[in-house]
Every structure is written in structure tokens, then in C-alpha cells.
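What follows is one structure encoded as C-alpha cells, with my remarks underneath.
2 protein chains.
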Amino acid sequence: MCQLLGLNANVPTDAMFSFCGLSERAVEHRDGFGIAFFEGVGMRVFQDAASARESKVAEFIRTYPIRSRNIVGHIRKATQGQVELANTHPFTRELWGRHWVFAHNGNLKDYAPHLHSHFQPVGSTDSERAFCWLMQEMHKAHARFPGIAELTLTLRELVPQIAAHGTFNLLLTNGDALWAHANTDLHYVERRHPFGVATLCDADLRVDFSQVTTENDRVVLLATQPLTANEQWTRFASGELLTFVDGSRYEVQAPAWPVL
Amino acid sequence: MCQLLGLNANVPTDAMFSFCGLSERAVEHRDGFGIAFFEGVGMRVFQDAASARESKVAEFIRTYPIRSRNIVGHIRKATQGQVELANTHPFTRELWGRHWVFAHNGNLKDYAPHLHSHFQPVGSTDSERAFCWLMQEMHKAHARFPGIAELTLTLRELVPQIAAHGTFNLLLTNGDALWAHANTDLHYVERRHPFGVATLCDADLRVDFSQVTTENDRVVLLATQPLTANEQWTRFASGELLTFVDGSRYEVQAPAWPVL
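In order, the protein sequence lines correspond to chains A and B. Just so we're aligned, residue 71 is where the first sequence starts under the numbering used here, counting upward by one. Just so we're aligned, residue 71 is where the second sequence starts under the numbering used here, counting upward by one.
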């Protein structure tokens with residue numbers, strides 16, 4: 071099993087504080103780490119097959135502020151697949167001329183989806199197989215990017231088919247929105263004006279967000295387990311799939327197609 | 071225009087020395103940089119839209135030895151496309167369950183290939199369009215990875231079709247082999263026993279490779295212009311496409327299919 075970190079915001083925001091907290095958990099989850107940052111439609115991933123506590127790349131990330139509106143991070147405790155770079159989350163693919171970034175916490179048993187299309191796994195994890203299948207089915211469902219609302223509806227059909235195979239907590243982003251699903255552990259916290267002081271659970275570190283934000287800033291932070299001790303985190307219901315845009319929950323009120 | 075750096079070796083080798091030399095050239099080529107390292111079938115890219123002389127990511131790469139058998143680096147001087155992360159080389163895609171990494175030096179005029187398949191550019195460069203077209207045509211030509219010899223023959227058919235549109239010096243690797251093509255500037259040097267001392271052209275830096283190698287090590291280094299002052303670099307002929315495997319030139323002697 072692993073631990074996830076996600077950030078969705080309406081202004082470019084760095085995740086140094088949260089990544090410091092996540093890294094502390096890499097004593098147990100020491101089989102690699104990765105973190106992806108969108109900058110516009112561009113995206114970069116920093117990864118290492120070493121533990122986030124020991125990796126020089128992770129040390130660099132903890133001290134170098136990359137500001138992004140959509141971030142997905144992951145620390146790995148291997149269940150399926152060797153400890154190697156090819157099996158390190160997050161995984162990325164291009165679809166519809168956009169980058170897609172995916173990270174998974176969980177374990178899918180006997181999961182061998184029919185990958186008949188052009189998304190094929192490079193490594194040997196259940197997670198990358200699930201991501202390839204998701205990409206394949208999203209591509210089959212929509213000739214081009216269908217927008218956030220319609221894609222949310224598509225994911226609500228697709229994700230339970232994977233989740234039937236085991237623990238499937240996921241983060242998925244294309245830089246416009248962040249989709250999150252849990253059937254065991256995933257939490258989120260919404261930060262907005264008036265901002266306060268947050269204290270990490272796992273390290274003696276605190277930040278006064280009121281010093282680094284404006285009244286209009288909105289940030290959603292997601293993590294397998296709450297990262298801060300003094301904020302109100304909301305636990306995902308089992309099977310819940312949520313969409314976050316511009317640092318807020320995005321509600322799909324009705325089918326996005328006309329009902330005649 | 072830009073500058074390319076490539077490394078192909080039979081043992082994992084770091085490119086710190088060469089990347090230091092390349093970075094010095096980022097005074098003129100300051101519109102971003104990127105460098106990709108294969109580790110097995112796994113691959114990671116370090117990129118920044120900032121100059122390789124000023125980027126904190128580049129500074130990290132110059133001091134952190136990542137050992138790889140296939141490396142592709144690039145410093146950008148923008149000709150087409152804004153200075154932004156989405157337009158920063160190298161570009162990557164997955165095909166046949168393998169990562170592919172591509173970097174381009176040159177400028178393709180009025181180049182708008184018919185991209186009817188599933189490889190679509192994210193950014194707005196001629197380079198990424200050329201890469202997407204190459205991936206599309208490679209995929210159409212072979213249902214699965216055809217091996218190095220056959221793919222070399224395929225590339226010899228495809229690459230000239232792009233090169234007809236302008237300057238097209240390229241590096242392409244999947245971690246097994248490194249393909250390189252030039253129609254203007256590209257050079258390579260083969261390093262093997264007995265190894266000597268190399269001195270950078272652009273910085274007061276030298277390395278005695280005999281101290282860090284064994285008799286069996288073979289390394290090919292590629293660069294737009296020679297990086298070292300005291301080694302024998304070979305210039306690509308115009309239109310030449312070479313394949314490097316395990317630190318040596320790979321010769322395709324005859325058609326890879328049986329002649330009946």
C-alpha cells in the first residue's frame with residue numbers, strides 16, 4: 071500500500087509544506103516516490119526508486135518551491151511489481167493532446183484488464199494496468215476531451231469496474247481538474263479565507279497560510295491520511311468520486327447531455 | 071535553434087561532466103532545458119522553462135550523478151512556440167509498452183503533418199509535431215516493437231520525410247538503443263579503453279575517465295557541437311541516421327526480413 075498527496079488550487083501554490091509531511095511517512099512507504107506538477111498544460115514529474123526520506127531528488131523537492139495549480143504525489147510501499155523506477159508513481163500518458171497524471175493507493179487482486187488499445191504498461195504494477203485501462207476506456211468513450219462534467223460522469227461508470235477488484239484510491243489530473251476516488255482511505259481539506267496556521271502531524275513544522283495568501287485563494291489538499299493536526303479534514307465515503315476545480319469541489323448537478 | 075546532448079553506453083554512466091559543458095552554452099540557448107535518463111525500462115525527465123545556467127533543477131542535475139545507459143538532453147533557443155514547460159524538450163510518449171524520448175535541434179517550416187492517430191502534441195512546437203508523427207508512423211508500421219534493426223530501417227524511411235521540411239537533427243531513444251539523425255550539425259565521440267583525460271571546451275573542467283571506468287566500458291557521446299577540446303569527434307554526414315547500442319555504432323547490414 072502507499073500514500074497519496076494531491077493539490078488543486080485556483081492560484082499556483084507550492085506543496086513543500088505538505089510534501090515534508092508526506093516524506094516523514096516514507097519510513098514505512100520507502101519503495102520509491104514521485105510528484106507531478108502541472109504548469110499550464112505542461113507537466114513535470116520528479117521521481118526516484120529510493121525512499122522519499124533518503125532520496126536526493128526528494129530532498130531537492132522539499133526545498134525548491136514549484137508553484138502549480140494541480141499536483142499529484144505518491145510514496146510507495148510495494149505490493150505488486152519490483153522496486154524500480156518503471157513501477158514508481160505517478161504514471162503519465164498523453165490523451166487528446168493533454169498530459170494525464172495518475173497515482174494509486176491500494177491493491178487490485180487478479181487484475182488483468184483487456185488492454186487492446188494503444189495504452190500499454192511499461193512496468194509491472196496493478197496500478198499502471200488500471201491507469202492504461204482507464205485511458206483506453208476514456209478514449210473509447212470520447213473522441214476528444216469532453217469537458218470536466220462529462221468526463222466526471224464517464225469516470226463514475228469506469229472507476230467502480232476497477233474498484234471491484236480491490237482497494238482503489240486514486241488521484242487523476244490533466245491540469246484543469248483533479249479527480250479523486252476512494253473505497254478505503256482518502257481525506258481532503260479545503261483551505262480558504264480566513265487562512266490560519268497549520269501544523270504537520272508528522273514533523274515539527276507549521277505554516278501561517280494567512281501570510282502567503284490573498285482573500286481569493288482557494289486550495290484543496292488531499293491525502294490518504296490527514297497531514298495536519300489542527301485542520302478539519304473530510305473523509306471520502308467508500309466508493310465516492312469527487313472532482314476538484316480551482317480549489318473547490320466541482321458538482322455535476324445533472325447529466326451534461328440534453329434530456330429530451 | 072537548440073543544442074542536443076546524447077549518451078549511449080554499455081554500463082550505467084553519469085552525464086554530469088557533459089551536462090556542465092552543455093549548460094555553459096545556455097547563455098544563447100536559454101529558453102528552457104531538459105534531460106531524460108533511462109534506468110532499465112523506467113525513465114525520468116528533469117525539465118525547466120528557465121535557462122540551464124540559472125535553473126535550480128539544472129544546478130541539481132550538475133551535482134547529482136544519475137547513472138544511465140541512455141540519456142537525451144536539450145537546451146532550447148525558441149524558434150516556434152512560447153517559452154514554457156509544455157514546449158520544453160525532450161518530449162516523451164509511450165508506445166508498445168515502452169517509453170520513447172525525443173529531442174530536436176532545428177526548425178521545420180510550414181510543417182503541419184496529418185496527425186490522425188492517438189499521438190497529439192500538448193505544446194505548440196514543430197518538434198513535438200514531428201515526434202507525434204514519427205510515433206504515429208512507427209505504430210502503423212509495426213504492431214509491436216520490431217527490434218532495433220527493423221526499426222532503424224523504418225526510421226530511414228520516415229525521417230527524411232520530416233527532414234525535407236527544414237533542419238532536423240534529432241535524438242530518439244527507448245532505453246535499448248539511441249537513434250540519431252542530422253542534416254546540419256551533430257557530432258559524436260566514442261570513448262573506450264584506453265580512456266584518457268577529457269577537457270571541456272566551455273568550462274575549466276577536466277575528467278580522467280581512466281579513473282572511473284573499466285577496460286570493458288564503452289560510451290558514445292553525441293552533441294550538436296563537440297563538447298571536449300581534446301577528443302576526436304566525428305561529424306554526421308548530412309542526412310545520416312545512426313543507431314547506437316551498448317556504447318557502439320550498430321550496423322544494419324542487410325534487410326532484417328528473409329529474402330526469398
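All C-beta atoms in this analysis are idealised placements derived from N, C-alpha and C, irrespective of residue type, glycine included.
Chain-ordered neighbours of residue 235(A) on chain B, where CB pairs are closer than 9 Å: The contacting residues do not exist; residue 235(A) stays about 21 Å from chain B at best.
Straight-line Cα distance separating residue 315(B) from residue 245(B): 9 Å
Cβ neighbours of residue 206(B) in the same chain (closer than 6 Å, five flanking residues each side left out): 187 and 189
Interface residues of the region 188-204 of chain A facing chain B [CB-CB below 8 Å]: 188, 189, 190, 191, 192 and 193
Residue burial classification, residue 101(B) (beta-carbon count within 10 angstroms, cutoff 16): buried
Neighbouring residues, chain B, relative to residue 126(A) (Cβ below 7 Å): 134
8 Å Cβ cutoff met for residue 90(B) and residue 275(B): yes
Continuous beta strand (DSSP E) stretch holding residue 227(B): start and end: No beta strand (DSSP E) contains residue 227(B), which is instead part of the alpha helix (DSSP H) from 218-233.
CB contact check: residue 146(B) to chain A, cutoff 8 Å: no
Distance between residue 218(B) and residue 235(B) (C-alpha atoms, nearest Å): 26 Å
Chain B contact residues for residue 213(A), given Cβ-Cβ distances below 9 Å: Neighbours of residue 213(A) on chain B: none; closest Cβ ~11 Å, over 9 Å.
Chain-ordered neighbours of residue 139(B) on chain A, where CB pairs are closer than 9 Å: Result: empty, since nearest Cβ-Cβ is about 13 Å, beyond 9 Å.
Span separating the alpha-carbon of residue 290(B) from that of residue 179(B): 31 Å
Burial state of residue 278(B), where buried means 16 or more other Cβ atoms lie within 10 Å: exposed
Alpha-carbon spacing of residue 264(B) relative to residue 85(B), whole angstroms: 19 Å
Inter-residue spacing [alpha-carbon to alpha-carbon] between residue 280(A) and residue 196(A): 41 Å
For residue 294(B), three-class secondary structure by DSSP: coil
Coarse secondary structure for residue 106(B), derived from DSSP in three states: strand
Partners in chain B for residue 100(A), counting only beta-carbon separations shorter than 7 Å: Residues of chain B passing the Cβ test: none, with the nearest at roughly 17 Å.
Residue 180(B) - partner residues in DSSP beta bridges: Paired residues: none, contrary to the question.
Proximity of residue 259(A) and residue 285(A) at Cβ, strictly below 8 Å: no
C-beta neighbour in chain A for residue 238(B), strict 8 Å: no
Entirely enclosed beta strand (DSSP E) segments - the region 122-185 of chain B, minimum 3 residues: 138-145, 161-165 and 168-178
DSSP-derived helix/strand/coil call for residue 323(B): coil
C-beta atoms of residue 141(B) and residue 106(B) nearer than 8 Å: yes
Three-state class that DSSP yields for residue 215(B) in the structure shown: coil
Three-state class that DSSP yields for residue 278(B) in the structure shown: strand
DSSP-derived helix/strand/coil call for residue 196(B): helix
Residue of 148(B), 137(B), 114(B) and 111(B) minimising C-alpha distance to residue 97(B): 148(B)
Cβ-based neighbour list, residue 226(B), same chain, cut-off 6 Å, excluding 5 preceding and 5 following: 311
Bridge partner(s) assigned by DSSP for residue 114(B): 107(B)
Cβ shell of residue 222(B) (< 6 Å), same chain only, five flanking positions each side left out: 313 and 322
Proximal chain B residues relative to residue 150(A), where beta-carbon distance stays under 8 Å: In chain order: nothing, as chain B lies at least about 16 Å away.
Short Cβ contact (8 Å threshold) for residue 72(B) with residue 146(B): yes
8 Å Cβ cutoff, residue 291(A) in contact with chain B: no
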